[in-house]
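Residue numbers (our numbering): 46 to 895.
All residues carry an ideal CB built from backbone N, CA and C; glycine is no exception.
Structure first, commentary second.
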Amino acid sequence: MATLALALKEKLKSERQAIIDAYREDNRPEKLLSGLCHAVDGILLQASEQIGLPAEAALVAVGGYGRGELFPYSDVDVLILLPGAPEGESKERLEELVQLFWDIGLEIGHSIRTVDECLTESAADITVQTSLLEARLLAGNRDLFNQLRKRFMAAMDARAFFQAKILELRQRHIKYEDTPYSLEPNCKESPGGLRDLQVILWVSKAAELGNSWRKLGERGLITSTEARQLTQKERALKDIRIRLHLIAGRREDRLVFDLQTQVAESFGFVSSETRRASEYLMQHYYWSAKAVTQLNTILLQNIEAHLFPRPVESQPINERFNAVNDLIDIAGDDVFENHPSAMLEVFLLIARHRELRGMTARTLRALWHARVRINETFRRNPENRKLFLDIIQAPEGITHALRGMNQTSILGRYLPNFRRIVGQMQHDLFHVYTVDQHILMVVRNVRRFTMSEHAHEYPFCSQLMANFGKPWLLYTAALFHDIAKGRGGDHSELGMGDARRFCRDHGFSQEDTELIVFLVQHHLTMSHVAQKQDLSDPDVIRHFAGVVKDERHLTALYLLTVADIRGTSPKVWNAWKGKLLEDLYRMTLRVLGGEDPSTEHELAERQQHALKTLRLYGLPENAHQKLWQQLDVAYFLRHEAGDIAWQTRSLYHRVDSQEPVVKARLAPIGEGVQVTVYVKDQPDLFARICSYFDRKNFSILDAKIHTTRHGYALDTFLVQAPVFANSYRDIISLIEHELSTLLKSQDALPAPTKARLSRLSRSFPVTPTVDLRPDERGQHYLLSVTANDRNGLLYSIANVLAKYRINLHTAKIMTLGERVEDVFLVDGPLLHNPRSQIQLETDLLEALRI
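Shown next as structure tokens:
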């Protein structure tokens, strides 16, 4: 037995390797799948002959193996079919046979059943029923196998099977986020994956309509073009899955980050100056998955109509379209050929008629075939340009319409530059959507600002949008803001040109064109200023006001910026970013309204507001003076009036405290905790505080570092802790106690730990950068760092700064998903020495490296 198992194992290994080698030479997925299947067939037959399959038994291949396809590391599913329960010698022989299968090294999934048991299990479990649908006799009792086939098909209720598989499909799609565009798609199970194609063939076979694309074509369910498309997309997905198995060396159906680059290189994709090889691969995959999703919808609707014929409730919409059972239907098969403009009109009608759930299979199919007619002549047609504008300017339904246009490839055909970014992934560690999906997400976010039912999400944005007028200008800007991604060069500048041409071709006024072009050019500007520059500096506000020029441009840019950041990833947006942007908006609006942004004006206003708040707290009239005499102008400019009042109330009677004072409260922005530290200054204070937050797994969102005239540090931190997201009140006293205790001790600081990165960061690492340069006034230095985000990163930076006795004034912490871009305002004697600067930058780079 052992000798037989070893011989068969070596034979299978040799044959398997030869098949894989041949695949690597000729790149024919079907040949590999059938070849591996045939090789396993031979091994199982030899094993059965050697052990002696009982005469009454049948050895049956089921599932994917029964279909005649075997991926490199797929399970081998077999059924041993018997006329009755095995007994005596037959039972022993079957046990010996199954053990031999395992000893050979096969990943065997086996069952031993009678015909009746198969039918009972099939009736109770849709998975078993599906597996038996693809049963194939390998060896043994053919009459028994035929009996199973006959009784199985007689018991098959094609309509019930269809409903069960559709329910299963919908549940599977929900499990995989109902999109083919996930970051790590499962090429077998995700929407648009191989399983979607198999569902079509399963329900077709159950209904005895055919079990191949060719046979479905012969029955008139699909056209020859569709059959060819399905064959091509199926081949592409199989090719990817095969390579995943071979590269991973195991059954791996997910295009995980760790493998994307290797799979891309196996296809011959190479990185360019603007895009990684993995991004080219993922675009190749997404295009295939998108086509499968579209064809899957068409075919399943056709099969449903065949299985569930029902009276047609048709209501004419116009000469070209009818409403049929809540779906829009073409009035004739040649509508799109005779009226090409109808390819845009159908989406306008869907936007206007909210009762319509989508298109009939006939309409989808006709649109699918007609889409190639959208050419330069079509795009120049004034009627088509007006229809496209009508869609963008529709009072409702624009998101639904644009997503439908993208899914059917109409949007990319009408806007050729948009087509280039369809399915284009951005491995920049903070975008979790492809460029086209991100753009449509931004359009959706802008649209939600106009909807009263979503006003509670971002009340200020909804208020501004209500008074804006022409929201479609923002939709247009959103459509073009990232359209030039991946082309090389500045995508904002390139996108400006695309937007300007679009506006010219579609008859936009000069004023509207200028606004859209401005928004595309500056769609990153407001985010950069708010998150990386010192908003307490009047010159920063004055300069930004000079960029936007007037309130309308400011409002439009603010709304687009909020929608854009929210459209990158659910993790990137937070209340702190929202506050920074809103603060910048309000301060800039005051400057545009003629207010004096001077230091003296801002100082007087902050102090006046803070004093009013202190009176509400009941503090004596001059209680603030002792503390305020120790604070310079920079403190008042960098802190809001509410923060000044809170800190004054906490410290006015402890100005010369010999003990550290730590006060914490729920952050006024509604997320996280605001922590104030007041203690005699020391060189490693910032590092010491960071070590505490690092140990407690708090994320520092912002830090304001100030030194009083009498040598005390007055530092303010905004921190978040995922674990305590809904119970920050519980940890306020804990922070106050633990942090003050730590600051009293003079224990040596622990060495920073280099935490393990996420798989995404490990697969697509950010090259660490350090940039140190004097600020515009020449009084301090700006230190900018970029790196992969990880626990303990800020503490590592703080440790290096402490080593060089660098004084920190502000820290702008900008976390973009898995990437950080932090800016520090610093000074220190060593910074005036070029050699010390170089050594500092070297040590910082070492701290940033993984």
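Test item: CB-CB of residue i and residue j under 7 angstroms
| i | j | result |
| --- | --- | --- |
| THR752 | THR721 | no |
| THR860 | ASP834 | yes |
| GLY837 | PRO810 | no |
| VAL121 | ILE153 | yes |
| ASP557 | LEU518 | yes |
| VAL123 | ALA106 | yes |
| LEU759 | TYR723 | yes |
| PHE513 | ALA544 | no |
| HIS654 | THR693 | no |
| ARG399 | HIS384 | no |
| ASP298 | LYS220 | no |
| LEU885 | TYR840 | no |
| ILE348 | LEU409 | no |
| MET571 | THR600 | no |
| LEU183 | LEU89 | yes |
Proximity winner among the options, relative to residue i (alpha-carbon distances)
| i | options | result |
| --- | --- | --- |
| LEU817 | LEU456, ALA544, LEU846 and LEU580 | LEU846 |
| VAL562 | SER581, HIS536, THR159 and VAL718 | HIS536 |
| ASP550 | GLN566, ASN426 and VAL607 | ASN426 |
| GLN469 | GLU324, ASP284, ASP701 and LYS749 | GLU324 |
| ILE586 | GLY639, TRP621, GLN824 and MET541 | GLY639 |
| VAL871 | ALA168, ASN191 and LEU853 | LEU853 |
| LEU626 | THR172, GLU349 and PHE505 | PHE505 |
| LEU212 | ARG187, THR172, LYS250 and GLU538 | THR172 |
| ILE750 | SER167, THR855 and LEU779 | THR855 |
| THR422 | THR453, GLN508, GLN452 and TYR459 | TYR459 |
| LYS210 | PRO230, LEU242, ARG196 and ALA180 | LEU242 |
| ALA47 | HIS83, ASP303, ASN844 and ILE96 | ILE96 |
Span of the beta strand (DSSP E) around residue i
| i | result |
| --- | --- |
| SER744 | 744–749 |
| ARG181 | 181–185 |
| LYS708 | 706–711 |
| GLN91 | Not the beta strand (DSSP E): GLN91 falls in the alpha helix (DSSP H), residues 74–96. |
| ALA3 | There is no way to answer for residue 3, as the model of the chain reaches only from 46 to 895. |
| ASN852 | 852–857 |
| ARG399 | Where ARG399 is concerned, there is no enclosing beta strand (DSSP E), given that its DSSP letter is neither H nor E. |
| PRO819 | 814–819 |
| VAL477 | Careful: VAL477 lies outside any beta strand (DSSP E) and carries neither H nor E. |
For residue i, the three-state DSSP class (helix, strand or coil)
| i | result |
| --- | --- |
| ASN429 | helix |
| ASP374 | strand |
| LEU412 | helix |
| GLN962 | An answer regarding residue 962 cannot be provided, because it is not within the stretch 46 to 895 covered by the chain. |
| PRO128 | coil |
| MET201 | coil |
| MET450 | helix |
| THR405 | coil |
| ASN833 | strand |
| GLN824 | coil |
| ARG864 | strand |
| ASN367 | strand |
| TYR221 | coil |
| ASP760 | strand |
| ARG299 | strand |
| VAL565 | helix |
| ALA500 | coil |
| PHE353 | coil |
| PHE869 | strand |
| TYR723 | strand |
| ASP122 | strand |
| ALA937 | A query on residue 937 cannot be resolved here, the shown segment of the chain reaching from 46 to 895 and no further. |
Start-to-end residues for the alpha helix (DSSP H) that takes in residue i
| i | result |
| --- | --- |
| HIS155 | Per DSSP, HIS155 belongs to no alpha helix (DSSP H); it is in the beta strand (DSSP E), 153–159. |
| LYS671 | 670–673 |
| ARG546 | 536–550 |
| GLN360 | Per DSSP, GLN360 belongs to no alpha helix (DSSP H); it is in the beta strand (DSSP E), 359–361. |
| PRO504 | 504–511 |
| VAL700 | No alpha helix (DSSP H) holds VAL700; DSSP gives it neither H nor E. |
| TYR896 | No statement about residue 896 is possible, as the shown extent of the chain runs from 46 to 895 and does not include it. |
| HIS526 | Where HIS526 is concerned, there is no enclosing alpha helix (DSSP H), given that its DSSP letter is neither H nor E. |
| THR175 | 171–178 |
Worksheet item: Counting only runs that start and end within the segment 234–289, where is the alpha helix (DSSP H) found for 4 or more residues in a row?
Response: Segments of the alpha helix (DSSP H) lying fully in the segment 234–289: 239–251 and 258–263.
Fill in: Within the segment 611–654, ranges of the alpha helix (DSSP H) (whole runs, at least 4 residues)
620–637
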